[in-house]
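Note sheet for the following structure.
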Amino acid sequence: MALRKEQIVAHKPSRRDATLLGLVVFGALMAMEIMELVIGVRITPGALPLLVLLVVPGAGVIVWFFMHLPAVWGGEE
Amino acid sequence: MTTEHAVEHGIHSPEMRVKINRIGLWLFILSDAFFFVALISSRFYLHGTYRPDDLNQALGLGVSIVLLLSSLTVYRAEVAASYGDRAATQRNILFTIGLGLLFAVGVGYEWYEAFSHFPPSTGFGTIFFTLTGVHATHVFSGLIVLGFLWWLNRRGKYSSEETYWPVEGAAKYWHFVDVAWVLIYPTLYLVS
Chain A
1 MALRKEQIVA HKPSRRDATL LGLVVFGALM AMEIMELVIG VRITPGALPL
51 LVLLVVPGAG VIVWFFMHLP AVWGGEE
Chain B
1001 MTTEHAVEHG IHSPEMRVKI NRIGLWLFIL SDAFFFVALI SSRFYLHGTY
1051 RPDDLNQALG LGVSIVLLLS SLTVYRAEVA ASYGDRAATQ RNILFTIGLG
1101 LLFAVGVGYE WYEAFSHFPP STGFGTIFFT LTGVHATHVF SGLIVLGFLW
1151 WLNRRGKYSS EETYWPVEGA AKYWHFVDVA WVLIYPTLYL VS
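If you read the sequences in order, they're chains A and B. As numbered in the working numbering, residues 1 to 77 make up the first sequence, in order. As numbered in the working numbering, residues 1001 to 1192 make up the second sequence, in order.
If you want it as structure tokens, here you go:
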């Protein structure tokens, strides 16, 4: 069963949208990183659960939007 | 299944090759991720949430921002390549290499400081140097791949949206290096 071209480039939005998406994701990651630092430095005991709550979605955002995970099964982001 | 049958059903078609490449790369990334997960687990197993006071927090955040920025530039390189914009691809790959090198310099400086505060012979030092060292090897291999990609792209190898898979693959790998750091940074610098 041959794949249609649009399935291969399923993650491909318009160039402007793709650029905007990259900037939004980057901004979100920066915000998470700074929040992590504040939590890690200020909340010395018990920071672990809060850090996990920030780190896991942060890593997920990269995997989903930058690494185009949905494209593995031909889906949209 | 005969070759003719396979070709007829699109298994050897360029589209299917890209699909197979993607799955192959994801499997590689997944196996590599297990390695990082094991190393991160060892930090908690051996030292719980202990964190030395001598960690350079500003540097830790700085190198993290540099690596996140490199993820954005490599993403832009991929987008440019997918639209056949060779010049922008070239430029963004170069930015990524520059940021990757800057990250390596930052980690190098952190190592220089760490040797006097918690050398590899100490418990935390072992974890710190192993995690950052393994990650740095990934950064260097990514830089080699990106350098090679830059050189090939300069020769017009990935000038159309049909031939940009290598850019996509290298970008994926670089993002994985970033994801690994997103997990390593709080593990080493912030958990306490």
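We treat Cβ as the ideally placed atom computed from N, Cα and C, and that holds for glycine.
| Item | Value |
| --- | --- |
| Is there a Cβ from chain B that is less than 8 Å from the Cβ of A/Leu51? | yes |
| Does A/Thr44 pass the burial test, meaning 16 or more other C-beta atoms within 10 Å, or should it be called exposed? | exposed |
| For A/Gly46, does the count of other Cβ atoms within 10 angstroms reach 16, so buried, or fall short, so exposed? | exposed |
| Buried or exposed: where does B/Gly1123 fall if 16 or more other Cβ atoms within 10 Å of its Cβ makes it buried? | exposed |
| Once DSSP output is grouped into helix, strand and coil, what is the label at B/Asp1032? | helix |
| Taking its Cβ as the centre, do 16 or more other Cβ atoms sit within 10 Å of B/Asp1054, making it buried, or is it exposed? | exposed |
| What residues in its chain sit with their C-beta under 7 Å from that of B/Tyr1193, if we drop five residues either side in the sequence? | Beyond the ends of chain B as shown, which are 1001 and 1192, falls residue 1193 of chain B; an answer cannot be given. |
| Closer than 6 Å by C-beta to A/Gly40: which residues in its own chain qualify, once you throw out the five before and the five after it? Chain order, please. | Ala47 |
| Take B/Thr1096 as the anchor and find which of B/Val1139, B/Val1191 and B/Leu1027 has the nearest alpha-carbon. | B/Val1139 |
| In its own chain, which residues sit with a C-beta less than 6 Å from the C-beta of B/Phe1036, not counting the 5 before and 5 after it? | Ala1180 |
| Could you compute how far the alpha carbon of B/Asp1178 sits from the alpha carbon of B/Ser1013? | 32 Å |
| Along the stretch 1043–1054 of chain B, where does the CB come closer than 7 Å to a CB of chain A? Name the residues. | Thr1049 |
| Under 7 Å Cβ to Cβ from B/Val1107, same chain only, skipping five residues before and after it: list those, please. | Val1063, Thr1132 and Ala1136 |
| By how many angstroms is the C-alpha of A/Phe66 removed from the C-alpha of A/Gly58? | 11 Å |
| Considering only the alpha carbon of each residue, which of B/Thr1073, B/Ala1170 and B/Thr1089 lies closest to B/Ser1141? | B/Ala1170 |
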